[in-house]
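Taking it in order: structure first as structure tokens, then the write-up.
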Amino acid sequence: MSDDAAKPLILWFRKDLRLDDNHALHAACRTGRPIIPLYIREPSSSGTGPLGGAQAWWLHHSLASLTASIEALGGTLNLVSGDALDVLGAVIKKTGADTVMWNRRYDPPGIAIDTRIKRELEQQGLDAQSFAGQLLHEPSRLKTGGGTPYRVYTPFWRALEGAGEPPHPVDAPRKVEFGPELAASETLTSWKLLPTKPDWAKDFDEVWTAGEEAARERLADFLDESLDGYKSDRDFPARQSTSMMSPYLALGVISPARIWEETRGLDVPADDLVHFRKELAWREFSYHLLFHFPKLPYANWNDRFDGFEWSNSETHFRAWTKGMTGYPIVDAGMRQLWKHGFMHNRVRMIVASFLIKDLMIDWRRGEAWFRDTLVDADPASNAASWQWVAGCGADAAPFFRIFNPVLQGEKFDRDGAYVREFVPELAALDTKYIHKPFAAPQSVLDKADIRLGETYPKPIVDHATARDRALKAYNAVKDAA
DNA sequence: AATAATTTCGG
DNA sequence: CGAAATTAT
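Just so we're aligned: 149 in UniProt numbering is position 149 of the first sequence, and the numbers increase by one with no gaps anywhere.
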């Protein structure tokens with residue numbers, strides 16, 4: 001027996017901050033060799049992009065939770081910042097490790113980094129092993145009959161259904177043999193991931209608890225209380241009826257295969273179950289698109305939109321970000337985002353439609369704002385969804401599908417509970433006018449102590465006028481080659 | 001995962 | 001004549 005058997009291996013954590021259903025960890029344990037858990041803080045210049053402010057907060061707490069889980073098993077999560085290849089090289093040199101294991105990531109810059117690392121390590125005679133698990137299926141696996149990537153969601157969903165059940169998750173190991181802590185390990189606080197404006201994220205923890213245990217509890221509560229009726233209830237932002245899994249999925253604190261597994265065999269209407277699974281499939285579709293069209297985060301998927309004349313009104317953009325547009329459902333959504341690092345899905349569509357169609361501001365500015373302020377910021381879902389609303393994406397809503405913020409409010413926030421929660425200056429307004437204070441008689445406004453233009457803004461654009469303007473601008477590009 | 005305008009339906 | 005269905009954007 002050679003002493004190779006005792007050589008440690010590096011388990012490189014990335015967007016898989018979990019012990020459950022972690023195929024790299026599972027494989028590492030099976031080798032019987034000491035494991036060195038490592039998280040590398042890669043510089044944004046490496047191409048992985050700047051870490052959004054809200055997600056930095058979430059990453060801090062998720063890493064703290066993973067550290068605690070690993071410590072409970074007798075190990076340490078080593079934290080090292082720097083270029084990933086340099087860090088891995090240094091750790092290998094220091095520890096004598098000859099193997100690196102990780103779970104694959106699917107954002108194009110991440111893929112490029114990993115491909116290079118794998119090649120370099122193998123050239124040095126080292127072993128680099130990557131595993132699946134961030135998605136239900138590898139993005140290259142599902143193909144149309146013609147062998148091309150899917151461009152339309154429904155056939156993609158059918159293919160996903162027809163691809164057989166996703167792999168069963170593997171449980172977290174009960175025992176792990178760890179290698180020694182690295183001398184180079186840094187402290188989490190030294191990374192300064194928490195926002196420097198302490199008042200910004202102060203309310204995030206009203207809604208978000210980091211870590212695997214919290215994710216599993218939240219999932220269990222959702223499946224127990226909200227899956228029955230999910231298909232219709234999910235559209236009402238004042239109801240607690242969506243799964244809230246996206247922040248956990250974004251950093252891999254829970255795996256999609258685990259979520260899928262937990263939905264098996266439940267006694268709920270098939271419609272509700274399928275609809276929830278279809279939301280997981282939208283995430284898969286987004287990654288499928290990003291994988292096959294790496295420019296998704298910044299280039300119009302449909303390049304006919306390259307000639308679209310966007311507005312560059314900074315005043316309008318700022319009013320949108322602050323939730324001061326004068327349309328209550330839009331403002332409530334933008335303020336929920338600022339307060340909790342999250343926004344209900346229905347409202348995301350409404351505010352995105354408002355930015356793109358009513359303000360005619362480039363979807364990329366909205367995408368960037370969401371990337372910075374969403375705890376669940378995800379390169380695939382965020383980019384694909386903005387392009388979807390803009391009408392320039394794959395299987396997108398046609399551009400002329402323009403949300404009316406008043407009607408959307410009245411339809412999905414009938415009693416105004418959502419608006420009243422996040423736009424407190426309108427809380428006392430008569431329900432009849434809660435989504436259109438600008439149409440309320442003076443006496444009604446007086447009664448609610450609202451002075452339009454002072455305590456709450458007048459609409460920054462007239463929706464009907466803005467709608468016509470957007471349709472005209474669209475007509476100018478729609479017949480272009 | 002839409003809305004507004006227009007036409008048809010039912011009384 | 002208002003509601004529901006259809007159609008254009």
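Just so it is clear, CB atoms sit at the ideal spot from N, CA and C, and this is done for glycine as well.
Just curious, the alpha helix (DSSP H) that residue i is in, first and last residue?
| i | result |
| --- | --- |
| Val-253 | Note, Val-253: premise wrong, no alpha helix (DSSP H); not H, not E. |
| Arg-365 | 363 to 373 |
| Leu-160 | 153 to 162 |
| Ile-35 | No alpha helix (DSSP H) contains Ile-35, which is instead part of the beta strand (DSSP E) from 35 to 41. |
| Val-87 | 84 to 95 |
| Glu-122 | 108 to 123 |
| Gly-53 | 53 to 72 |
| Lys-324 | Sequence check: residue 324 is Met here, not Lys. It is not in any alpha helix (DSSP H) - Met-324 carries neither H nor E in the DSSP assignment. |
| Gln-408 | 405 to 412 |
| Asn-475 | 463 to 478 |
| Ser-443 | 442 to 447 |
| Pro-328 | 328 to 340 |
| Asn-345 | 345 to 353 |
| Trp-282 | 270 to 292 |
| Glu-165 | Premise fails: Glu-165 is in no alpha helix (DSSP H) and is neither H nor E. |
| Ala-417 | 417 to 422 |
With distances taken Cα to Cα, identify the nearest neighbour of residue i among the options.
| i | options | result |
| --- | --- | --- |
| Lys-7 | Lys-295, His-60, Ser-46, Lys-94 | Lys-94 |
| Lys-192 | Ala-68, His-60, Gly-74 | His-60 |
| Tyr-106 | Arg-318, Glu-122, Ala-132 | Ala-132 |
| Trp-369 | Asp-430, Ala-54, Phe-291 | Ala-54 |
| Gly-229 | Glu-138, Ala-270, Leu-249 | Ala-270 |
| Arg-174 | Leu-19, Arg-104, Trp-386, Gly-453 | Leu-19 |
| residue 525 | Lys-411, Arg-258, Arg-469 | Lying outside 1 to 481, the shown extent of the chain, residue 525 is not represented and no answer is given. |
| Leu-374 | Gly-252, Leu-227, Pro-247, Phe-308 | Pro-247 |
| Asp-127 | Leu-136, Trp-102, Gln-134 | Trp-102 |
| Pro-139 | Ala-163, Asp-462, Leu-223 | Ala-163 |
| Pro-459 | Leu-85, Gln-240, Ala-476, Pro-437 | Pro-437 |
| Thr-196 | Pro-166, Trp-57, Phe-236 | Trp-57 |
| Glu-200 | Thr-189, Met-245, Trp-338, Phe-276 | Sequence inspection shows Trp at residue 200; the Glu mentioned does not correspond to that position. For Trp-200, the nearest C-alpha among the options comes from Trp-338. |
| Leu-134 | Glu-212, Lys-15, Asp-86 | According to the sequence shown, residue 134 is Gln rather than Leu. Nearest C-alpha to Gln-134: Lys-15. |
| Glu-421 | Val-253, Ala-28, Ala-238 | Ala-238 |
| Glu-122 | Arg-469, Leu-85, Pro-167, Glu-212 | Leu-85 |
| Leu-452 | Tyr-474, Leu-429, Ala-464, Asp-468 | Leu-429 |
| Arg-33 | Tyr-474, Met-245, Leu-11 | Leu-11 |
| Ala-64 | Thr-189, Thr-115, Pro-424 | Thr-189 |
| Asn-78 | Ala-112, Asp-114, Pro-37, Ile-92 | Pro-37 |
| Pro-108 | Leu-289, Cys-29, Pro-43, Leu-51 | Leu-289 |
| Tyr-153 | Phe-178, Ala-28, Glu-284 | Glu-284 |
| His-168 | Asn-345, Leu-445, Thr-455, Asn-22 | Asn-22 |
| Glu-186 | Tyr-39, Ile-113, Phe-204, Arg-304 | Tyr-39 |
| Trp-320 | Arg-277, Phe-13, Pro-457 | Pro-457 |
Bridge partners for residue i per DSSP, in chain order?
| i | result |
| --- | --- |
| Ala-128 | Val-100 |
| Ser-385 | None, per the DSSP bridge assignment. |
| Tyr-456 | Leu-452 |
| Ser-311 | Ile-361 |
| Phe-178 | Ile-35 |
At what residues does the beta strand (DSSP E) containing residue i begin and finish?
| i | result |
| --- | --- |
| Trp-12 | 9 to 13 |
| Val-80 | 78 to 81 |
Stretch-stretch touch, CB-based, cutoff 8 Å, three pairs: the region 330 to 337 with the region 140 to 153: no
If you scan the region 181 to 268 from start to end, which runs of the alpha helix (DSSP H) of 4 or more residues do you find wholly inside it? 212 to 225, 230 to 233, 246 to 250, 256 to 262
Segment contact flag, the region 83 to 101 with the region 207 to 215, C-beta cutoff 8 Å, min 3 pairs: no
Do the region 396 to 409 and the region 337 to 353 make contact, defined as three or more Cβ pairs closer than 8 Å? yes
I want to know whether the region 70 to 86 touches the region 253 to 273 - three or more CB-CB distances under 8 Å. no
Could you tell me whether the region 260 to 268 touches the region 382 to 395, using the rule of 3 or more Cβ pairs below 8 Å? no
Counting pairs of Cβ atoms below 8 Å between the region 310 to 319 and the region 355 to 365, do you hit three or more? yes
Flag this pair as touching only if the region 17 to 31 and the region 152 to 163 have three or more C-beta atom pairs under 8 Å; answer yes or no. no
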